[in-house]
Every structure is written in C-alpha cells, then in structure tokens.
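> Just so we're aligned: the sequence shown equals residues 464 to 688 in the working numbering.
For every residue, glycine included, the Cβ atom is placed at its ideal position computed from N, Cα and C.
Below: one structure in structure tokens.
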Amino acid sequence: MMNTNEFQVISNQYKELDKLLLDSIEQLKLEISAEQRGKLMLYLDKLLFWNKAYNLTAIKQPKEALIKHIIDCLAILPHLKSGKLLDIGTGAGLPGVVIAICQPEREVTVLDSNQKKIRFIRQSVSELKLTNVTPVASRIENFVPQEHEKFAVITSRAFASLTDFVEAAEPRLAQEGWLQAMKGLIPEPEDMNALVDEWQIEHIALDVPHLHETRHLTELVKKSI
Numbered sequence: 464m465m466n467t468n469e470f471q472v473i474s475n476q477y478k479e480l481d482k483l484l485l486d487s488i489e490q491l492k493l494e495i496s497a498e499q500r501g502k503l504m505l506y507l508d509k510l511l512f513w514n515k516a517y518n519l520t521a522i523k524q525p526k527e528a529l530i531k532h533i534i535d536c537l538a539i540l541p542h543l544k545s546g547k548l549l550d551i552g553t554g555a556g557l558p559g560v561v562i563a564i565c566q567p568e569r570e571v572t573v574l575d576s577n578q579k580k581i582r583f584i585r586q587s588v589s590e591l592k593l594t595n596v597t598p599v600a601s602r603i604e605n606f607v608p609q610e611h612e613k614f615a616v617i618t619s620r621a622f623a624s625l626t627d628f629v630e631a632a633e634p635r636l637a638q639e640g641w642l643q644a645m646k647g648l649i650p651e652p653e654d655m656n657a658l659v660d661e662w663q664i665e666h667i668a669l670d671v672p673h674l675h676e677t678r679h680l681t682e683l684v685k686k687s688i
C-alpha cells in the first residue's frame, strides 16, 4: 500500500478511492500494477492540490474526479492503437498522462496552449518519475515536432468539433496512423460529412465503470486510395 503521507488532498479517502480504482481496473480487464495504480492516485492528488492555483478542472470532489477523469481515461486503453502518441488539448494531462502511467513503454507527447497546465504536467511528471512524457506548451497549429516526426496515434478529449480535430491532427499523423477522439455522444452527421470520403470512421461505445453517462471513442483512419 502507498504511504498516504505522500498525499495532500485525498489521504483521508485513500482506501475508498483506491478500492474504487482497483474495481474499475478489474472491470476493464486492464493489467495495471500496484505501482502504476499508486501513480494514478498520486496524479489525482496533485491534480486536486494544484487546481486552485492553476484552474485545472471544474471538478473538486476526489471521488468525482477519480471517476470522470482517471477512470474515464482508463476506459480507452483496451482500444488504443500502438505506437508513439500525441495528445492534443491535453489540459491537465488527460488522457495523455494517464496513458503514460499505464503504458510506460509508449512515448507520449502532451500538448496544450495553456502554459499553467503544461507547467503542472511538467511538475507532476517529474515527481512521478515518468520518463516517457514530453509536455509541450503550444497551439497545435504552431507545433513542430522534433525532426518533424509523425505520430502513430493522436488523441483528444477536449475538441468540440471532430472536423476541427482532424484538420489540426492530420499534418502530424504518420502514414496509416490513427486518430482516436474521446467523445460523450457520437458526433452529429454534419460533423462527419466532410470526412467520410477520405476517412474510415468507427464509433466504439465505452462502458466506464461507476460513470452513469454516455461515452464513445471515435476512431478515424485514412482510406486507402
């Protein structure tokens, strides 16, 4: 068990929250070690601790934040394509940091234009000793990856428009790469009409443990010409 003295916000609720997290991991049939689970809990604690100063999330209650942020992001792991990943509009690191904790072999770049949020991620990544995360403070339009590298997977959780996400992500996507957008409801047909000629689109219904809201993962891959 983790030393709860490390926690500044959730120490009194640690046992309850850890049990909820473990139950969710089992429901999702994920292979996540006790050490990784501890890092997810520490990340949650840091998110809540720094929230007042950095305005990271509107959710202030630990249990709600665990479900709507951490567990919500865990639900995409069984569907996530392999390879180097870019998370656009990552905010406080969702889902990018959660993915990096659970998949230490994967290189993850997390991108957001909000300097404070990237500063929070840098601090958290350092304290959690995550060596596979590269935080970048930039708008996606201005982002030039090192050596102009491309990404096998590009995720988003914050883009309202699927069309805008595709437009922003496509220049950074590797050939035969995948776009994977976290959504509540399936995007409206008019948000996909401009994409269907070039992209194969699939919507996966997600069952997020302990969350009584609709969630989908929308996947896009370029059609072969």
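My output table needs one value for P634: the three-state DSSP class, helix, strand or coil.
For this step, residue 634 is matched to residue 171 along the sequence shown. Here P634 sits in helix by DSSP.
> If you draw a straight line from the alpha carbon of Q609 to that of I539, how long is it in whole angstroms?
Taking the sequence shown and counting its residues from 1, one reaches residue 609 at position 146. Taking the sequence shown and counting its residues from 1, one reaches residue 539 at position 76. Those two C-alpha atoms are separated by around 27 Å.
> Report all residues from its chain with a CB closer than 8 Å to the CB of F512; omit the five preceding and five following residues, and keep chain order.
Here the question's residue 512 lines up with position 49 in the sequence shown. Closer than 8 Å at the Cβ level, and outside the excluded window around F512, lie Q471, V472.
> Among S619, V607, I564, which residue has its Cα nearest to the Cα of G647?
In the sequence shown, the residue the question calls residue 647 occupies position 184. Nearest option by C-alpha distance: S619.
> Thinking C-alpha only, which one of I581, K502, A668, I522 is nearest Q566?
Your numbering for residue 566 matches position 103 in the sequence shown. Per the Cα distances, K502.
> In the DSSP assignment, what residue or residues form a beta bridge with L669?
To locate residue 669, count along the sequence shown from 1; it is residue 206. DSSP output for L669 lists R678 as bridge partner(s).
> What did DSSP end up calling P650 once you bin it into helix, strand or coil?
Walking along the sequence shown from the start, residue 650 turns up at place 187. Here P650 sits in coil by DSSP.
> Out of V659, Q578, V607, I564, which one is the CA nearest neighbour of G592?
Numbered from its first residue, the sequence shown carries residue 592 at position 129. Looking at the sequence shown, residue 592 is not Gly but Lys. The residue with the shortest Cα to Cα distance from K592 is I564.
> Compare the C-alpha of E653 against each of N577, K478, V571, T626 and name the closest.
As a working mapping, residue 653 is identified with position 190 in the sequence shown. Comparing Cα-Cα distances from E653 to each of N577, K478, V571, T626, the minimum goes to T626.
> Determine which residues share a DSSP beta bridge with M655 and list them.
Here residue 655 refers to the residue found at position 192 of the sequence shown. M655 is not bridged to any residue.
> Tell me the DSSP secondary structure of I534 in three-state form.
Here residue 534 corresponds to residue number 71 of the sequence shown, with the count starting at 1. Looking at I534 - three-state DSSP - the assignment turns out to be helix.
> Per DSSP, what kind of secondary structure is D508 in: helix, strand or coil?
Stepping through the sequence shown from its first residue, residue 508 is reached at position 45. Looking at D508 - three-state DSSP - the assignment turns out to be helix.
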